[in-house]
Amino acid sequence: MDGYKVAELFSGAGLMGGGFKAAGFRSVFAAELDGKAVQTYNKNIEPVAEKWDVSEVKCDLKYDVLVAGPPCQGFSTLGRRDPKDVRNALSLKVFDWAEKHRPLVVVIENVPQFLNSDYCRELKERFEKSGYDSVSWLLNAADYGVAQNRKRSFTIFSLIGLPNKPQPCKERVTVKEAFSGLPKEANGENFHISPTPSELALARMKLIPENGDKRDLIKKAPDLCPPSWIKMGAQAVDVWGRMGLEKPANTIRCSFQSASKGRYLHPTENRVISLREGARIQGIPDDWSFVGDRTSIARQIGNGVPVPLAKAVALSITDLLKRRSSY
Ligand SMILES: C[S@@+](CC[C@H](N)C(=O)[O-])C[C@H]1O[C@@H](n2cnc3c(N)ncnc32)[C@H](O)[C@@H]1O
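Counting with numbering that gives the first Met the number 0, you get residues 0 to 326 for the letters of the sequence shown.
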């Protein structure tokens, strides 16, 4: 146990925090607005998370590393990508916390588009003036032992030199491997819960093959499709998509309990993946429990950084901290 201390902003339910914990860090504080996510964090990571608005910098904190996952809706290609989205400006708050507490290293995680934003440029300028060097990485979770293609940017600011980019794993993890040992039926145990589809939804699901999606429905059963689908034609989209067993899943998001929102159908069962299967795809250990209703838990899971990816980043930061203390 290295015992390096980490504080987290926008901590969510603690998936990023879980990766840092797995790498040997001790969490001393986590700020998060969603009360259910705070409770989940406190159950699984360390009971230090508070319902706290990041706009207000907390006094009297001491830690080695500050980690932040600001809301990404304003940067994401799925959102409206509005540069004036007030949520984007929250990312600048990370600098205020760093100025106040002077951690050795700061890690900001976000969608890849964040790197091209004015906020990222502004942060780099402010941190540089304050004595920090910086480096940005684009990492795909599938390269770090996660059964999911999910690309995320990590920007590291450091007072002690720059860390090495985490080495990718050689093997890719498939959905089949991620789900191994779980009953095919979502039996309700240990968050293996999934919504019962309506009659119409079930009729649609039965016609969608592995790796198939809405386009199969338009071809096979136009009577089961709303007129808008037929009018728009068969674009390549993930909605009503079924996962493939032998490859990583596409990115899962907060809405993964709804078939109409993405490629969330189980590879072989006529249902969306369960909360526990979603957790497995995010690399969350089975001994984690969650607080909240199904929608809230899906948001906590879908919002997070896959735990093994966070661990790989955390281990690179540990190496940097160790190099410094051996001088
Ligand atoms: C992308 S999620 C972070 C996920 C987290 N990094 C993880 O791995 O689990 C962003 C989080 O920021 C929280 N949030 C948004 N505005 C906030 C604010 N002003 N103060 C604190 N948390 C905020 C949201 O509730 C959401 O949980």
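Idealized CB from N, CA, C, for every residue including glycine.
Predicted, not measured: the structure shown is a model, and the values here were computed from it.
Query, Result
"Counted within 10 angstroms of its Cβ, other Cβ atoms place P221 as buried (16 or more) or exposed", "exposed"
"G303 vs R252 beta-carbon contact at 8 Å", "no"
"Own chain residues within Cβ distance below 7 Å of L137, not counting five before or after", "P111, K150 and S152"
"Strand pairing of A6, partner residues [DSSP]", "F28 and L65"
"Reduced DSSP secondary structure (H/G/I, E/B, other) of M0", "Residue placement at M0 is flagged as unreliable, the pLDDT there being 47, under the threshold of 50; a coordinate-derived value is accordingly withheld."
"Neighbour-count burial assignment, G16, 16 or more Cβ in a 10 Å radius", "buried"
"First through last residue of the beta strand (DSSP E) which encompasses V174", "Element bounds for V174: not the beta strand (DSSP E) but the alpha helix (DSSP H), V174 to A177."
"Buried versus exposed call for D1 [16 or more other C-beta atoms within 10 Å across all chains shown]", "At D1, the pLDDT of 49 sits below 50, so the modelled position is not reliable and the matter cannot be decided from this model."
"Identity of the residues DSSP links to K50 by a beta bridge", "E31"
"Three CB pairs or more closer than 8 Å across the region 182-197 and the region 206-218", "no"
"Cβ-based burial, D33 [other Cβ within 10 Å; buried from 16]", "buried"
"Near ligand 1: M204 beta-carbon under 7 Å from a heavy atom", "no"
"Whole-number beta carbon distance between V172 and V145, since they are thought to touch under 8 Å", "6 Å"
"C71 CB to nearest heavy atom of ligand 1 below 7 Å", "yes"
"Cβ contact (3+ pairs, closer than 8 Å) linking the region 3-20 and the region 60-69", "yes"
"Under the three-state DSSP convention, the category F74 falls into", "coil"
"Spatial distance of L181 from K57 (CA atoms)", "42 Å"
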